[in-house]
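Structure, as structure tokens:
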Amino acid sequence: MSSTPLSSGAGASSGQTKLTAQFALNAARRWWKVAAPAGLLFGGIAAAAVFWMFEPTYQARYRLQISQDYIVFPKEQPKDFLGTQTELIKSPLVLQPVISDPEIVRIPEIAAAKDPIAHLMSEIGVRPVGGSQLFDVTYMAANAVDAAKVVNKVVDAYFDLRESQEQKRARQVIDLLEGERLYWAEEVKNRQNKVRSLAAEGTGQQPGLEALDLDAERSSLSAIQVQLALLGAEEAELQVRIKTIEQPAEGSGVPASVIDEAVVRNPQVQALKSRLFDLKSTLKEIEVKVGQAKLPPTYQGLKLQFNTTEAQLKQVTEDVRQQAQLELENALNFRRGDELDQLKLKLTGVQAKVVHLQKEFEAQFAAKMANTKKSSGNVVELEFAKVEVQQAKEVHDLINSRIIRIRTEEPLNPVLPLIPAKPPTLPVQQLPYRNLMMATTAGFGLPFIFAVLWELRLRRVNDAQQLQEHSELEVLGEIASFPARFAKARLHSKRFARGLRMFEESIDSLSTYLVLSQPLGGSVHALAVTSAETREGKTSVASTLALSVAQATSSLTLLIDGDMRSPDVHKLFGIPNEPGLAELLAGQVSFSDAVNKSYGSNVHVLPAGKLTSNPHGLLGNDSFNAVLEEARARYRYIIIDTPPVLAASEALLLAASADAALMCVMRDRSSMDKVARTYARLKGSGANLLGAVLNGVPASYYARTYGDYSYER
């Protein structure tokens with residue numbers, strides 16, 4: 110028996126089937142008739158559950174206007190002012206007074222929270238309205254009135270806190286600026302007295318206040334005067350800011366809200382609060398169930414755990430608070446130190462400018478006075494003293510105007526309440542459309558997911574590419590499905606004719622390939638057609654292949670039905686099953702008597718016959734080889750329909766006795782595991798396995814892949 114080498118095809122991988130989009134589509138295509146109704150049922154149940162559990166929620170909103178105008182230092186507005194205010198609204202410093210209100214604590218959402226402050230921090234929303242300065246503070250609750258109460262309480266607490274902080278800061282700046290104003294007011298008086306003294310020395314008379322002013326027309330140095338006055342006011346303001354940092358007002362350290370927030374967010378504190386909440390809930394459940402008079406022993410143990418956890422929480426909270434305060438104060442001091450260095454550097458620059466301008470002013474003033482005829486006596490000194498009076502007045506007036514501006518703008522809060530929260534009349538959602546859609550989609554998709562997982566477990570063959578990539582078999586061809594002969598098929602004669610044409614074309618294509626590639630008719634005369642298990646189309650492939658080879662080559666072809674356990678060939682050809690192979694192997698009839706020649710001149714059939722004993726006994730002692738030798742002497746081509754390999758081991762004897770074997774694999778039915786086992790058994794028995802054909806391919810798929818080139822009959 111000759112041996113034809115087996116091509117490994119595109120791959121020889123036997124790994125697990127990959128989950129791809131194509132694999133999922135194949136699974137859905139295979140199971141949609143079952144999965145779709147089940148999905149509709151599950152989707153309906155899921156939607157009903159969502160609808161039944163749906164509880165409408167109401168969102169109350171309080172509209173604010175948050176501008177970035179800063180009343181103390183307009184040119185130094187913090188860039189994160191808006192962000193600071195939005196975070197301050199949700200900080201523990203604002204929320205702590207809110208949850209202290211018994212009416213707020215009784216709201217179900219807050220009462221059920223393990224940590225009410227953490228709950229409000231996560232549920233309170235502060236969102237801008239478009240790109241404007243308008244902001245909405247929001248909160249959602251199952252009760253519209255409760256939602257409005259919470260929002261109004263939060264905003265009120267925020268304004269109370271902000272008012273106290275702004276007033277404290279403004280008062281500190283005003284006090285420091287007031288000190289500077291008094292200093293320059295006294296300086297104006299002193300310089301005016303100096304002018305009076307110098308004037309009295311020159312004229313012997315005390316001048317009036319109107320004579321103390323420097324006539325602008327008598328001096329061309331007014332520009333330098335203005336610069337000196339502005340620099341003097343800026344110097345005074347910088348000194349005030351430096352004092353504000355070096356001597357901060359009481360309560361200007363790290364805000365308690367920041368420390369509280371660090372404590373609330375600490376993982377250890379959160380874990381202990383959660384544990385304390387669970388213990389408290391368990392204790393209440395026991396008290397409700399058994400009553401105070403019949404508390405079980407476990408109650409005391411839980412009570413002890415509750416007290417211990419409560420004490421531990423108190424200690425841990427204090428430790429975390431101290432650590433957070435230390436770290437935040439260090440960070441605040443570092444920022445203050447950096448700001449202080451910048452202010453001092455700026456102050457040094459301003460003072461240097463003042464010295465430079467003062468020297469320039471004195472030089473120009475002296476030169477101007479030297480060119481005048483009135484340069485006798487103390488005229489120069491008197492004129493210079495008048496300039497100093499004017500400078501002191503301008504600095505005093507600038508500081509005084511800054512104080513007036515702060516006092517005027519102090520009531521103008523940059524955060525203004527516009528529309529207080531009112532109980533909303535409509536819920537956020539009339540129906541939970543999004544959840545309904547998600548639940549329905551999940552319910553509908555669940556059966557398809559199960560189908561994909563089931564197909565992953567079965568690893569069924571979906572197409573020729575998968576078969577070739579995940580096995581060591583070369584795919585020699587694809588066989589279109591034989592069209593169904595049901596009433597519906599007969600009603601659509603064109604569809605039936607097209608399906609039949611695709612089936613015949615696929616068989617002819619396979620037979621042509623086998624003949625032209627010379628495994629069949631060359632070194633191979635007897636070809637065994639086998640499969641892993643039943644219902645994989647080997648009998649129809651073997652029968653139609655024999656007919657196609659005989660028609661294409663006009664040579665005598667013998668079809669042997671080797672499946673003596675469950676014969677089908679005689680049914681397809683409409684001939685008697687007896688006598689046949691069983692009787693021939695038993696020696697009851699001759700070869701000529703066993704072969705049925707009634708179907709055609711080129712196609713003869715050796716039916717299976719009636720099996721009366723174990724098929725292994727009939728096939729043993731080279732009896733089948735003897736039958737094949739006699740057949741080779743009479744026929745050019747021999748096609749053997751064997752039993753399924755995994756179900757009937759005599760198939761291995763038939764395949765090994767033939768010159769070559771061809772494995773049939775049924776699309777959407779054969780599993781990769783069974784194909785691999787069949788391949789291993791055939792190779793182990795010594796069979797010359799040419800490759801595989803993929804049976805059961807839909808006619809439409811075959812036409813799309815290979816084309817539909819029909820002809821008129």
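In this text, residue positions in the sequence shown follow the numbering used here: the first is 110, and each later residue adds one. We put the beta carbon where it would ideally sit given N, CA and C, even for glycine. Predicted model, so just to flag it, every value in this text is computed and none were measured.
Boundaries (first-last residue) of the beta strand (DSSP E) holding residue i
i: Asp245; result: Leu243 to Ala250
i: His713; result: Val712 to Leu715
i: Ile747; result: Tyr746 to Asp750
i: Leu173; result: Tyr167 to Ile175
Cut-off 8 Å between Cβ atoms - residues of its own chain near residue i, not counting five sequence neighbours on either side
i: Gly586; result: Ser615, Ser618, Leu619, Tyr622, Val802 and Leu803
i: Ile213; result: Val207, Ile219, Lys258, Val259 and Lys262
i: Asp210; result: Lys262
Own chain, CB closer than 7 Å to residue i, minus 5 neighbours either side, in chain order
i: Val806; result: Glu587, Ile588, Ala589, Ser590 and Arg776
i: Trp293; result: Ala501, Val504, His505 and Ile508
i: Ala655; result: Thr666, Leu668, Val712 and Ile748
i: Gln414; result: Leu388
i: Ala812; result: Met611
i: Phe386; result: Lys223
i: Val372; result: Val378, Thr426, Val429, Arg430 and Ala433
i: Ile512; result: Ile283, Leu286, Glu287 and Arg290
i: Leu600; result: Note on Leu600: pLDDT 48, under 50, position unreliable in the model; no value is reported.
i: Lys303; result: Ala494
i: Asp255; result: Ile216
i: Ser485; result: Confidence in Ser485 is poor, its pLDDT being 48 and thus under 50, which makes the residue's placement too unreliable to answer from.
i: Ser663; result: Asn711
i: Val459; result: Leu340, Glu343, Glu344 and Leu347
Endpoints, alpha helix (DSSP H) assigned at residue i
i: Ser632; result: First-last for Ser632: undefined, no H or E at that position.
i: His679; result: Val678 to Phe682
i: Leu535; result: Taken as a continuous stretch (DSSP letters only), Leu535 belongs to no alpha helix (DSSP H), as it is neither H nor E.
i: Pro526; result: That residue, Pro526, is in no alpha helix (DSSP H); its beta strand (DSSP E) goes Val524 to Ile528.
i: Leu545; result: Tyr542 to Leu567
i: Gly153; result: Ala130 to Met162
i: Glu587; result: Taken as a continuous stretch (DSSP letters only), Glu587 belongs to no alpha helix (DSSP H), being part of the beta strand (DSSP E) at Val584 to Ala589.
i: Lys389; result: Pro376 to Val399
i: His725; result: Pro724 to Leu728
i: Asp210; result: Note, Asp210: premise wrong, no alpha helix (DSSP H); not H, not E.
Close beta carbons around residue i, own chain, < 6 Å, minus the five adjacent residues each side
i: Tyr408; result: Ile395
i: Gly816; result: none
i: Leu567; result: Ser780
i: Arg644; result: none
i: Val463; result: Leu340
i: Arg236; result: Asp245
i: Ala144; result: Pro556, Phe557 and Ala560
i: Arg139; result: Asp777
i: Ala740; result: Leu667 and Ile747
Local Cβ density within 10 Å of residue i, reported as buried at 16 or more and exposed below that
i: Gly696; result: exposed
i: Leu727; result: buried
i: Ser766; result: buried
i: Thr721; result: exposed
i: Val736; result: buried
i: Asn375; result: buried
i: Pro165; result: exposed
i: Ile528; result: exposed
i: Glu492; result: buried
i: Gln168; result: buried
i: Lys262; result: buried
i: Asp731; result: exposed
i: Val754; result: buried
i: Asn686; result: buried
i: His465; result: exposed
i: Asn723; result: exposed
i: Tyr744; result: buried
* To do: Please go through the region 762-814 and give each complete beta strand (DSSP E) segment of 3 or more residues, from N-terminal end onward.
  => 769-775 and 798-806
Check whether the region 631-638 and the region 714-733 are in contact - that is, three or more C-beta pairs closer than 8 Å.
no
Touching by the beta-carbon criterion (3+ pairs, under 8 Å), the region 237-251 and the region 294-304 = no
Self-check item: Whole runs of the beta strand (DSSP E) within the region 661-705, excluding any shorter than 3 residues
Solution: 666-670
Exercise for review: Determine contact between the region 531-550 and the region 125-134, defined as no fewer than three beta-carbon pairs at a distance below 8 Å.
Suggested key: no
Do the region 547-567 and the region 151-161 meet, that is, are 3 or more Cβ pairs less than 8 Å apart?
yes
Quiz prompt | Within the region 214-238, ranges of the alpha helix (DSSP H) (whole runs, at least 4 residues) | solution = 217-220 and 225-232
Count Cβ pairs between the region 568-586 and the region 192-207 that sit closer than 8 Å; are there 3 or more?
no
### Query
Hey, is the region 774-790 in contact with the region 693-707, meaning 3+ C-beta pairs nearer than 8 Å?
no
Quick one: any contact between the region 201-209 and the region 158-174, if contact means 3 or more CB pairs under 8 Å? no
Any 3 or more C-beta pairs closer than 8 Å across the region 670-680 and the region 782-791 = no
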